[in-house]
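**Q** Below you'll find the structure I mean.
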Amino acid sequence: MKIRLAPYAFIAPASILLLAFGVLPILVALLVSFTDMNLAGLGNWSRIQFIGFDNYVELFTDASFWQALMNTGLFAVIGVPSVILLSLGVALLLNHSNSRFFRALRSFYFVPAITAIVAIALVWGYLYNTQFGLFNHLLSLVGVPPVQWLSDPALAKFSVALVAIWRGTGLNIIIFLAALQGVPKEYLEAASLDGASRIRTTISITIPLLRFAIFFVTITTIIAWLQFFDEPFVLTKGGPLGATTSVPLFLYQTGFSSSQFGYASAGSVVLFLIIAIVTVIQLRSRRADVDQ
Amino acid sequence: MSTSELRRPKAPTILIGAFLGAGALVTAFPFLWMVLGSVKPRSESVAYPPSIIPEQPTFEYFVQLFEELEFSRYLINTIAVVLISMVGLILMAMAGYGFSKFEFRGREPLFFLVLITMMIPIQVTMIPTYLILNGMRLTNTLIGIALPTLVTGFSVFLFRQFMTTIPTEMIEAARIDGAGEWRIFWQVVMPMSKPILAVQVVLTFISGWNSFLWPLIIANDERLYTLSVGVALLNQQIATNPSLQMAAATLMVVPILVVFIVFQRFVVQGFALSGLK
Amino acid sequence: MKRTRLVWVAPLAITTLALAGCSAGDSAAGNPDELTVWVMGDSSANFEELVAPFVEDSGIDVDVVAIPWDSVDQKFTTAVASGNGPDVLQIGISKLRTFADSGALLPLDEATVADYPNLAADTFIDGVSGDATAIGGEVVSVPWVADTRVLFYRSDILEENGITEPPTTWDELRADAKTLAKRGDGQFGYYIPQWDSALPVIMTWDHGDEIVTADGAVDFDTPGFAAAVDLYSGLYADGSVPTNADFDQTQGFISGAAPMLVSGPYLANAISSAAPELEGKWSVAPIPGADDDRSVLAGSNLGVWGATDNQEGALALLDFLSTAETQLTWYGLDGQLPTVKSALEDESLASDPLTAVYSAQLNNATILPLVPNWDGETGKALLDALNSIVLTGADRGSTLDALFQATGSTSIN
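These protein sequence lines map, in sequence, to chains L, X and W. Position one of the first sequence corresponds to residue 27 (my numbering), numbered consecutively onward. Position one of the second sequence corresponds to residue 380 (my numbering), numbered consecutively onward. Position one of the third sequence corresponds to residue 273 (my numbering), numbered consecutively onward.
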């Protein structure tokens, strides 16, 4: 009897917190998405009206929402492969040697991941500034006219994504490094005895053994990029003209700046469903893959 | 680990080292820019063309942070939030243990819900979470600030992954010896979990240290603001003093870097042993 | 079996109770000897210094909380949600409608403020006094500080280019800007902030049209607005203004890249502290005009939280803050202009050449229309339309038509 109570006791505190601050809010959002709640309604619940699917209809006919969806998709397509490939590449190189120099380098690659977003905003804002920023100054030294890093609608997407990629590689490099250290040495030695080159070994043996790590990093990175918020929020506030507005930023702006909570909740539910569906597809495909 | 240390580094190693070194400098460049900017006098920081190395370095802005602005208080609050988060660490370890080493009704669905929380965008949770905290009378308290992010699905997942690799025989043996479940957790499971604990300490420290959103919303009183909020406060519509802002940002980053450098070895080990093969 | 169910019930019960607890909207039991005040900005130190005499005289302890400008919406929203707010709060005029609509502010009708002579409407400048800031006929705030927009110019650079007097009309400004932009690459004549929704409105007013009809509905379809669009897009077409969104206007002014700007007193402070060596080389002038040289009146008011438990104390504090003396002290401490008429007429303000220009301009300035969410909706639609025309070459006719359609149904009522 004692044993059967134990597991519940162990998982209870964390589970309650996660349910209360994770699952419950999304249920609340679902509920609110069927209402017209705004700031007045927030203060006085009697002012809220049930409006059915109106918010969803309005959402899917809202050009800015579609723009945000397109942007989020584009960001994910640019960002996810970049982060994964960069992290894997750097981890493979870092794993080449265990010397102190190589180990010291790890900290440098981790720095972006530990810097608070408010600090990042300051620094990158100065670097990117069209008139007075360092990048354009360096370009001017080689005769290139100033680039509007954050003001040109197409370029701004790239600039903002670059900061996020820069930030996102740190943790993943560490994860891949760790996975690499788990690769049994015997396999590598056997391959080199057989005459395989370093590169060949890496491609044919090491990477397949990293399947789980790659899968884990892919899922978490995709989820992170679908929730892309910090960088556009601090660097461009979603501009110019909505070019860098992601869905989470759109939700934040409608929810907090415009106080249309019902509408924003509908958007949140849609985003959550997108993330869930994408994740489930990945999980299913892996299961199919493993079963083979 | 088997490469002989006595051998001189071969050509590929030097090449790779140089390449990585250059990459590391590029990656860390914004950080270096920030640190250098924090000691530039104001006139140099707004000068154009920008200089990389300050000509007349000064620490006056760091001093200003602590004397004129409230950064010593923000620092204390941030440390407090981090410490409270460490309690969350224990809770997550417990949950990871429970999910990995026990069979019980509802285990799969509950763990699934845990994973779901990783997919929920934070903008969704802000208002309902605030309402919950308000109902519990935890607004304007440090606990209220730390509570919403005390536990994360990601970390519970990591703990569970790791703990599945702990040999069940050891746990069974302890049970046969008559040890209670709680004792087993503390005296058998936790010591064996040192690598993953190291990872989580670093991750928890980072997120607690950088916490911005909740301190801002929950604290009615600027006396509860954390460092992140302090840095944001310096961001007025017209940036008047970049050096001061850089000093504040540097103050935020340097301690984490130190923590990471110290724990770095364990972090890599920890992820490795957590079964991420 | 029973225990399994219990585990599920417990968390549900807790959260239900929590939600129930807050739906009652109960406010924490307060102390009539305390007041919490929210001020916008980076530091509460100046304000604390300002209210020190009030604290001494009344024995009320004033707790000042500084709210970063970027976070105003969040803080207010969560305060409304929980019912827990401050006692007194600073409200930017652009947010006034939103805050008033939330129902969270105490109505400050004549009966309520009868005992407080300093809060009478005629104490304050016309642009913000009494009904000027009423929402739906109800006054829920009193004026606090004023802000306006005037012309900043680099007298040295203008002179070097043959312009001896700052422009007094918009046409002159456009011509002067064109001359100055010819100085070379990266040099401009003027700067149009892409986030500034007040500028096109000022231009419209100056060309003789309002942007709301007599009924209070927003109406951009006027000759005055068309003239404003001509001017706005003309400046871009002339190449007189930078096209990037992250142009830093302080640095631009200091470096000479943008020797003319329309901005507010805060810029003067920024310039003086960042570039003291420029003293004497720049000045301010009234905003250029056409048929009128009206500028925008901005600033902040003060409101009382509806659910406050220290209404008397709050009103007493508002009264204190509305005396000419306090307003002048605040100007000295923080550089924000008074809204109290007698304070503006004070010698100390008239003697400073810059302040003299501001005060004069305040007499010909009006607030932006108090429509719901100017910043997020009407103002944003206006900026998006203008910016898409000048930055991305969108068709003027159809873009403006879309703007008229989108904003025509918004009203101040």
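Backbone N, C-alpha and C fix where the C-beta goes; we use that ideal spot for every residue, glycine too.
Going by Cα to Cα distance, which pick from L:G221, L:L148, L:P266 and L:V273 is closest to W467 (chain W)?
**A** If you number the third sequence from 1, residue 467 (chain W) lands on position 195. That would be L:P266, whose Cα lies nearest to the Cα of W467 (chain W).
**Q** Is it right to say S660 (chain W) is buried, meaning 16 or more other beta carbons lie within 10 angstroms of its own, or is it exposed?
**A** Within the third sequence, residue 660 (chain W) is the residue found at index 388, counting from 1. When all chains shown are included, S660 (chain W) counts as buried.
**Q** How close, in whole Å, do the beta carbons of D478 (chain W) and R566 (chain W) come, if the pair is a contact with beta carbons under 8 Å?
**A** Mapped onto the third sequence, residue 478 (chain W) falls at position 206. Mapped onto the third sequence, residue 566 (chain W) falls at position 294. Between R566 (chain W) and D478 (chain W) the Cβ distance is about 6 Å, and since that is below 8 Å, they are a contact.
**Q** Which partner residues of T496 (chain X) appear in the DSSP bridge assignment?
**A** Start at 1 with the first residue of the second sequence, and residue 496 (chain X) comes out as number 117. In the DSSP output, where bridge partners are listed per residue, T496 (chain X) has none listed.
**Q** May I ask you to report which of helix, strand or coil DSSP gives Y425 (chain W)?
**A** Residue mapping note: residue 425 (chain W) aligns to position 153 of the third sequence, counting from 1. Strand at Y425 (chain W).
**Q** Could you give the DSSP three-state label for E306 (chain W): helix, strand or coil?
**A** By one-based count along the third sequence, residue 306 (chain W) stands at place 34. Three-state DSSP puts E306 (chain W) in a strand.
**Q** Check whether the Cβ of W92 (chain L) lies closer than 9 Å to any Cβ atom in chain X.
**A** Walking along the first sequence from the start, residue 92 (chain L) turns up at place 66. Not an interface residue.
**Q** Starting from the Cα of G402 (chain X), find the closest Cα among L:F184, L:G78, L:G196 and L:R237 and give me that residue.
**A** Along the second sequence, one-based indexing puts residue 402 (chain X) at 23. Looking at the Cα atoms, L:G196 is the closest of the given residues.
**Q** Can you tell me which residues form a DSSP beta bridge with S366 (chain W)?
**A** One-based indexing of the third sequence puts residue 366 (chain W) at position 94. Its beta-bridge partners do not exist; DSSP assigns none.
**Q** Contact criterion: CB-CB distance below 9 Å. Does L595 (chain X) meet it with respect to chain W?
**A** Looking up residue 595 (chain X) in the second sequence gives position 216. So yes, L595 (chain X) belongs to the interface.
**Q** Within 8 Å, do at least three Cβ pairs link the region 433 to 444 of chain X to the region 528 to 539 of chain X?
**A** With a cut-off of 8 Å, the region 433 to 444 of chain X and the region 528 to 539 of chain X do not count as touching, because too few Cβ pairs lie within range.
**Q** Got a sec? Which residues, its chain only, sit under 8 Å from S464 (chain X) by beta carbon, not counting five neighbours each side?
**A** The sequence position of residue 464 (chain X) within the second sequence is 85, counting from 1. Cβ neighbours of S464 (chain X) beyond the five flanking positions: A525, T528, L529, T583, F584, S586 and G587.
**Q** Taking 8 Å as the cut-off, is the CB of A598 (chain X) close to at least one heavy atom of the ligand ADP?
**A** No copy of the ligand ADP appears in this structure; indeed no ligand is present at all.
**Q** Residues of chain X with CB under 9 Å from W71 (chain L), in chain order?
**A** Indexing the first sequence from 1 puts residue 71 (chain L) at position 45. Ordered by position in chain X, no residue passes the 9 Å Cβ test against W71 (chain L), which lies about 11 Å from the chain.
**Q** CB-CB under 6 Å to G264 (chain L), same chain, minus the five flanking residues each way: which ones, in chain order?
**A** Residue 264 (chain L) sits at position 238 when you count from the first residue of the first sequence. So the qualifying residues of the chain are P258, T270, T271 and L275.
**Q** Counting only beta-carbon separations shorter than 9 Å, does G293 (chain L) have a partner in chain W?
**A** Numbered from 1 along the first sequence, position 267 holds the residue referred to as residue 293 (chain L). Cβ-Cβ to chain W under 9 Å: no for G293 (chain L).
**Q** So T384 (chain W) and V337 (chain W) are in contact, right, with Cβ under 8 Å, and what is the actual spacing, rounded?
**A** The residue you call residue 384 (chain W) lines up with position 112 of the third sequence. The residue you call residue 337 (chain W) lines up with position 65 of the third sequence. Incorrect: roughly 24 Å between the Cβ atoms, too far for contact.
**Q** For T405 (chain W), name the three-state secondary structure that DSSP assigns.
**A** By one-based count along the third sequence, residue 405 (chain W) stands at place 133. Note: T405 (chain W) maps to helix in three-state DSSP.
**Q** Can you give the Cα-Cα distance for V493 (chain X) and L45 (chain L), rounded to whole angstroms?
**A** By one-based count along the second sequence, residue 493 (chain X) stands at place 114. By one-based count along the first sequence, residue 45 (chain L) stands at place 19. C-alpha separation (whole angstroms): 8 Å.
**Q** Note the first and the last residue of the continuous alpha helix (DSSP H) segment covering V116 (chain L).
**A** Numbered from its first residue, the first sequence carries residue 116 (chain L) at position 90. Start and end: A89 to L120.
**Q** At a Cβ threshold of 9 Å, is P258 (chain L) touching chain X?
**A** As a first step, residue 258 (chain L) is located in the first sequence; it is residue number 232 there, counting from the start. No, its Cβ sits nowhere closer than 9 Å to a Cβ of chain X.
**Q** Starting from V461 (chain X), trace the alpha helix (DSSP H) in both directions and tell me its first and last residue.
**A** Stepping through the second sequence from its first residue, residue 461 (chain X) is reached at position 82. V461 (chain X) -> alpha helix (DSSP H) spans F450 to K480.
**Q** Below 7 Å on C-beta distance, what does G265 (chain L) contact in chain W?
**A** Here residue 265 (chain L) corresponds to residue number 239 of the first sequence, with the count starting at 1. In chain order: A517.
**Q** Using a Cβ-Cβ cut-off of less than 7 Å, give me the residues of the region 630 to 641 of chain X that come near chain L, in sequence order.
**A** Here the close residues are M631, V632, I635, L636, F639 and I640.
**Q** Could you pull out every unbroken beta strand (DSSP E) segment of at least 3 residues lying fully inside the region 558 to 638 of chain W, listed in chain order?
**A** Runs of the beta strand (DSSP E) inside the region 558 to 638 of chain W: 567 to 576.
**Q** Can you tell me which of W:D342, W:W341, W:V323 and W:L378 puts its alpha carbon nearest to the alpha carbon of V334 (chain W)?
**A** Numbered from 1 along the third sequence, position 62 holds the residue referred to as residue 334 (chain W). That would be W:V323, whose Cα lies nearest to the Cα of V334 (chain W).
**Q** Any residues in the region 550 to 571 of chain W with a beta carbon nearer than 9 Å to a beta carbon of chain X? Which ones, in chain order?
**A** Of all residues in the region 550 to 571 of chain W, none has a Cβ within less than 9 Å of some Cβ in chain X.
**Q** Give me the chain L residues within the contact set of W412 (chain X), using Cβ-Cβ distance strictly less than 8 Å, ordered along the chain.
**A** For the purposes of this step, residue 412 (chain X) is identified with residue 33 of the second sequence, where counting begins at 1. In chain order: V149, Y152, L153 and L160.
**Q** Does DSSP classify P172 (chain L) as helix, strand or coil?
**A** In the first sequence, the residue the question calls residue 172 (chain L) occupies position 146. P172 (chain L) falls in the coil class under three-state DSSP.
**Q** On the criterion of 16 or more Cβ atoms from any shown chain inside 10 Å, does W92 (chain L) qualify as buried, or is it exposed?
**A** What you label residue 92 (chain L) is simply residue 66 of the first sequence in a count that begins at 1. Looking at its Cβ environment, which holds fewer than 16 other Cβ atoms inside 10 Å, W92 (chain L) is exposed.
**Q** With 9 Å as the threshold, decide whether the Cβ of N456 (chain X) is near any Cβ in chain W.
**A** Your numbering for residue 456 (chain X) matches position 77 in the second sequence. Cβ-Cβ to chain W under 9 Å: no for N456 (chain X).
**Q** What does a CB cutoff of less than 7 Å around R277 (chain W) pick up in its chain, not counting 5 residues either side in sequence?
**A** Along the third sequence, read from residue 1 onward, the residue named residue 277 (chain W) stands at position 5. Only weak support is given to the placement of R277 (chain W): the predicted model assigns it a pLDDT of 38, under 50, and the value that follows is read from those uncertain coordinates. Once the five neighbours on either side are set aside, R277 (chain W) has no close Cβ partner at all.
**Q** Can you tell me the Cβ-Cβ gap for G151 (chain L) and L261 (chain L), rounded? I've got them flagged as a contact below 8 Å.
**A** For the purposes of this step, residue 151 (chain L) is identified with residue 125 of the first sequence, where counting begins at 1. For the purposes of this step, residue 261 (chain L) is identified with residue 235 of the first sequence, where counting begins at 1. At roughly 6 Å, the Cβ-Cβ gap stays under 8 Å, so G151 (chain L) and L261 (chain L) are in contact.
**Q** Run the CB neighbour count on M63 (chain L), radius 10 Å, all protein chains shown included, and call it buried at 16 or more, exposed below.
**A** Taking the first sequence and counting its residues from 1, the one referred to as residue 63 (chain L) is at position 37. Under this definition M63 (chain L) is a buried residue.
**Q** On the criterion of 16 or more Cβ atoms from any shown chain inside 10 Å, does A296 (chain W) qualify as buried, or is it exposed?
**A** Residue mapping note: residue 296 (chain W) aligns to position 24 of the third sequence, counting from 1. The pLDDT assigned to A296 (chain W) is 32, lower than 50, so where the model puts this residue is not dependable, and the model offers no usable value.
**Q** Please report the residue range of the beta strand (DSSP E) in which S535 (chain W) lies.
**A** Within the third sequence, the letter at position 263 stands for residue 535 (chain W). Segment M532 to S535, the beta strand (DSSP E) holding S535 (chain W).
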